[in-house]
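Numbering (UniProt numbering), first residue to last: 1 to 264. Beta carbons are placed, not taken as given, at the ideal position from N, Cα and C, and that holds for glycine. Note that the structure is a prediction, hence the values are computed from the model and not measured.
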């Protein structure tokens, strides 16, 4: 599997620049995508219990870290953007002693292992691995960091349906006096891993890097490190009163959520 470690420094610099914009946009409650697509199934797969030690990889502004603490977890959360970590600290003043924020680099095994070994019941990465230039160190480090039987749950944009160059198509048609709408996507490539520049939120000051990998790349990487895939979800939105007025994801899942369990 291709990795792009040489882009790590540039990727971090861009996230430092984007961090204030993203934090202001996401706020304390995050956006609809995280609330309806990412969070429910992630919480279900994690199954956090009171007193669990949980590692939050690439924590961003700490939105999910605070949710984990609300569920009773003791959280260590990190990001490689010092600006993002500072934003998380500023939003988490009511969580002193419950969330330990750190600056660490997920592409570096030594940096990861400095966060603790044989310590965590679970680890989580919400919509983050596709933003990391080299994820090869993560499963190896987690084998040491997680307790026996511990799990790693992570979500990514569904690579089958959101590869680079994907086009969203929103069609409106009148059929026998009734206006019908139809959403579809058009893709021309999927299998080849590649980096690209991406605008996650319109108006952000600079594009950030996105690193496309097919599903098999993620599965093989973790299975080679003695993890077993024992949970997988493809959530989509439920239609609402704005259905038909916009492109939305109903039958095409916009995200894939994995649970890998450590063996031994």
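Straight-line measurement puts the Cα of residue 235 at about 7 Å from the Cα of residue 256.
Between residue 112 and residue 125, the gap from beta carbon to beta carbon reaches 8 Å or more. Residue 139: member of the alpha helix (DSSP H) spanning 137–145, first to last residue. For residue 145 against residue 120, the beta-carbon gap comes to about 6 Å, under 8 Å, which counts as contact. Here the stretch 170–179 does not lie against the stretch 147–155, with fewer than 3 beta-carbon pairs under 8 Å apart.
Residue 75 sits close to residue 99, with the two beta carbons spaced by under 8 Å. Secondary-structure assignment with DSSP links residue 167 through a beta bridge to 186.
Burial is judged here by how many other beta carbons sit within 10 angstroms of a residue's own beta carbon; residue 191 has fewer than 16 and is exposed. A check of alpha carbon separations from residue 183 across 172, 189, 193 identifies 172 as the nearest. The residues 201, 203, 204, 205, in chain order, have a CB closer than 8 Å to that of residue 21 in the same chain once the five nearest residues on each side in sequence are set aside. Between the stretch 45–52 and the stretch 22–31 there are fewer than three inter-stretch CB-CB distances shorter than 8 Å, so the stretches are not counted as touching. Collapsing the DSSP output to three states places residue 180 in a strand. Of the other Cβ atoms in all chains shown, 16 or more fall within 10 Å of the Cβ of residue 63; this residue is therefore buried.
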